[in-house]
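Visitor: Residue numbers (the working numbering): 2 to 255.
1. Give every residue of the same chain whose Cβ lies closer than 7 Å to the Cβ of residue 145, excluding the five residues on either side of it in the sequence, and list them in chain order.
2. Enumerate in chain order the residues of its own chain whose CB-to-CB distance from residue 94 is below 7 Å, with the five nearest sequence positions on each side excluded.
3. Alpha carbon to alpha carbon, what distance is there between residue 71 and residue 60?
4. Going by DSSP, which residues form a beta bridge with residue 33?
5. Can you tell me whether DSSP reads residue 24 as helix, strand or coil?
6. Would you list the residues sitting across from residue 174 in a DSSP beta bridge?
7. Within 8 Å, do at least three Cβ pairs link the stretch 165-176 to the stretch 210-220?
8. Can you find the residues in the same chain that come closer than 8 Å, C-beta to C-beta, to residue 22, ignoring five residues on each side of it along the sequence?
9. Quick check on DSSP: helix, strand or coil for residue 46?
10. Residue 201: buried (16+ other C-beta within 10 angstroms of its C-beta) or exposed?
11. Could you compute how far the alpha carbon of residue 213 sits from the alpha carbon of residue 206?
12. Can you give the Cα-Cα distance for residue 66 and residue 89, rounded to whole angstroms?
13. Could you give the distance in angstroms between the alpha-carbon of residue 251 and the alpha-carbon of residue 122?
14. Confirm, please, whether the CB-CB distance from residue 194 to residue 130 is below 8 Å.
15. Express the C-alpha separation of residue 133 and residue 247 in angstroms, rounding to a whole number.
16. Could you have a look at residue 206 and say whether DSSP puts it in helix, strand or coil?
Structure, rendered in structure tokens:
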């Protein structure tokens, strides 16, 4: 073979070899490109998965919070329902009492009138301590009972208060000035009462003294031996002398 032919063969062979290398390199490059695309897609998918996981975790935490809040609300609602039921029982009880008020009034009002009548009779039969004041109190009670602007409860309170004041007269020692009607003569005196045990009167000049006899419903003049003790008793009641033992005309109990 001539040298020209050998060179030509070598050139052709080299060209063929080069063409073969180029042809074989293209699929490998494509493979690398596809692999890179797969990795990129996988990374993108993984990122989406991570985001979805984080969202699912947040939703789970939110769900647990809602569940806990729901349980708390259920417990609170049960508690409120118990309170409402108790309040309803109270309302029902009050309504029952309100419905019965008219019946109570029908019983209480006549009772108060009887109490006032009894109080008036008691005052007239009792030792005449502060007699005018006590009579005026009874009249005020009758005025209150006739006043439509005064509630039944307030009327009852004032009647009870009057009884309490009457009860206090039995345990007080006091002196006060007033008028005494003795044998048709009106005399200004200092009254002294030892509860309801003794009711005495002393003339302002300190020369005469009287004692109330509740059986006879009249004043009786005392002897000279009692005048000085009555003077001392009046002074003690007015806080001018310290309390001390005295000889006073007290009627013995039967």
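Ideal Cβ positions, reconstructed from N, Cα and C, are used throughout, including at glycine.
Guide: Reading it off the structure:
1. The residue labelled residue 145 in the question sits at position 144 within the chain shown. So the list reads 151, 156, 159, once near-sequence residues are dropped.
2. For this step, residue 94 is matched to residue 93 along the chain shown. Cβ within range, chain order: n/a, list empty.
3. Locating residue 60 in the chain shown gives position 59, counting from the first residue. Locating residue 71 in the chain shown gives position 70, counting from the first residue. One C-alpha to the other measures close to 16 Å.
4. By 1-based counting over the chain shown, the position of residue 33 is 32. DSSP lists no partner for residue 33.
5. Walking along the chain shown from the start, residue 24 turns up at place 23. With a pLDDT of 43 at residue 24, under the threshold of 50, the predicted position of this residue should be treated as unreliable, and no value is reported.
6. Taking the first residue of the chain shown as position 1, residue 174 is located at position 173. Paired residue(s): 195.
7. no
8. On the chain shown, residue 22 is found 21 positions in, with the first residue counted as 1. Reliability fails at residue 22, whose pLDDT of 44 lies under 50, so the model's placement of it is uncertain and the value that follows must be treated cautiously. Taken in chain order, the list of residues that qualify is empty.
9. Start at 1 with the first residue of the chain shown, and residue 46 comes out as number 45. DSSP places residue 46 in helix when its eight states are reduced to three.
10. As a first step, residue 201 must be located in the chain shown, where it is residue number 200. Per the 10 Å Cβ criterion, buried.
11. For this step, residue 213 is matched to residue 212 along the chain shown. For this step, residue 206 is matched to residue 205 along the chain shown. The alpha-carbon atoms of residue 213 and residue 206 are separated by roughly 19 Å.
12. On the chain shown, residue 66 is found 65 positions in, with the first residue counted as 1. On the chain shown, residue 89 is found 88 positions in, with the first residue counted as 1. Rounded to the nearest angstrom, the two C-alpha atoms are 34 Å apart.
13. Working through the chain shown from its first residue, we reach residue 251 at position 250. Working through the chain shown from its first residue, we reach residue 122 at position 121. Going from the Cα of residue 251 to the Cα of residue 122 covers about 24 Å.
14. Translated into the one-based positions of the chain shown, residue 130 becomes position 129. Translated into the one-based positions of the chain shown, residue 194 becomes position 193. In contact: residue 130 and residue 194 (Cβ atoms closer than 8 Å).
15. Your numbering for residue 247 matches position 246 in the chain shown. Your numbering for residue 133 matches position 132 in the chain shown. Cα to Cα, residue 247 sits roughly 28 Å from residue 133.
16. As a position in the chain shown, residue 206 is number 205, starting the count at 1. It is coil, neither helix nor strand.
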